[in-house]
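Novice: To start, I am sharing the structure in question, which I have written as structure tokens.
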Amino acid sequence: MGNDAQVDIPTHSIEQAITRTKESCIVNRTIQTLNYKGLLWSCSLRRICLSALWLPLGALVFCYVTASIFQADDIHETHCRVYNVVPSISAITGISPQRYVWRICIAYHLGPRLLIGSLYYNYHRERTSYIFEDKVRNLAVNLGEACYWLNLIELLALTGVTYVSNRENYFVHEKIFIIFMVASLLHMLCRARVGCLASDVVEPVRTNKLVWILFFVAIVATIGLIVFFLRHRLLCRPLGMYPRAKLWFYILNLNLL
């Protein structure tokens, strides 16, 4: 006599369930295989930004070394016909083939800089939302906006300085560099100022002290740039030193992400 509680499961139902399970496993395995084969290369945002940070400096060293070895007469030539100690950035990046290396590196450098500018803009907006005092909050909002637009102007000016060399159009190159210099200093000042607002309410930006230090160093470099440029340009003194200040200023501003 059979047990009443026992239920006979049809054989074809078991076979269908096994078949569906196998098909599901095959589909999942196929999806995993496609995802694995489709991932050719991955890189974190931090590594991309660090490579963009050091790439212009590496390009400067490459352009300076190669130009000094193979094209020394071209890069040391000045309008006063006097000897120059260190060539300017415009000189070593305005000759061929160094100009192409420099332009490629700056093109790669600009992408992460634009992205980081947008990230800082959102970060300052979120940080400002925790400030309760209206006057301080409005000041922080205005400084955050100024940081974003000055950073954009700085990058556009850097693009113009890079792709319009002094050999092609010295007048335009010089004016764009002035815009780049002013925008860079104002950008650093606004960024350093907004990072220390309402420090009793919100935590100060971790890199704020470094930004202040770089800002004062850039001010000193800018003063040296102007003094030595006028000394060399107007008085035609030999052993011109203004390119050193110019190199110093470029390195600070190109690597301040």
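Here UniProt numbering is used: position 65 in the sequence shown is 65, and no number is missing along the way.
For every residue, glycine included, the Cβ atom is placed at its ideal position computed from N, Cα and C.
1. What residue range does the alpha helix (DSSP H) around PRO97 cover?
2. For the alpha helix (DSSP H) containing CYS63, name the first residue and the last one.
3. Go to GLU168, then tell me how far its alpha helix (DSSP H) extends in each direction, as first and last residue.
4. Which residue from ALA67, LYS209, PRO56, ALA218 puts its Cα closest to that of ALA192?
5. Identify which residue in THR93, ASN151, PHE180 has its Cα closest to the Cα of LEU119.
6. From ASN142 to SER184, what does the alpha carbon distance come to, in whole angstroms?
7. Is DSSP giving CYS147 helix, strand or coil here?
8. At a cut-off of 6 angstroms, is VAL164 close to the ligand GTP when judged by its beta-carbon and the heavy atoms of the ligand?
9. Helix, strand or coil for GLY224, going by three-state DSSP, please let me know.
10. I want to know whether the region 155-166 touches the region 100-113 - three or more CB-CB distances under 8 angstroms.
11. Thinking ASN166 and GLY94 are a contact (beta carbons under 8 angstroms), I'd like their distance in whole angstroms, please.
Specialist: Judging by the given coordinates:
1. Here residue 97 refers to the residue found at position 97 of the sequence shown. Looking at the DSSP string, PRO97 is not in any alpha helix (DSSP H), and its letter there is neither H nor E.
2. Locating residue 63 in the sequence shown gives position 63, where the first residue counts as 1. Segment 45-70, the alpha helix (DSSP H) holding CYS63.
3. In the sequence shown, counting from the first residue as 1, residue 168 sits at position 168. Per DSSP, GLU168 belongs to no alpha helix (DSSP H) and is neither H nor E.
4. Along the sequence shown, one-based indexing puts residue 192 at 192. Comparing Cα positions, the closest option is LYS209.
5. Here residue 119 refers to the residue found at position 119 of the sequence shown. Here the closest residue by C-alpha is ASN151.
6. As a position in the sequence shown, residue 142 is number 142, starting the count at 1. As a position in the sequence shown, residue 184 is number 184, starting the count at 1. Cα to Cα, ASN142 sits roughly 17 angstroms from SER184.
7. By one-based count along the sequence shown, residue 147 stands at place 147. In this structure, CYS147 counts as helix in the three-state DSSP scheme.
8. Among the components modelled here there is no ligand, and therefore nothing to report on the ligand GTP.
9. Counting from 1 along the sequence shown, the entry for residue 224 is found at position 224. Shown here, GLY224 sits in a helix according to DSSP, grouped into three states.
10. Flag = yes, the region 155-166 and the region 100-113 touch.
11. What you label residue 166 is simply residue 166 of the sequence shown in a count that begins at 1. What you label residue 94 is simply residue 94 of the sequence shown in a count that begins at 1. Right, their Cβ atoms sit about 5 angstroms apart.
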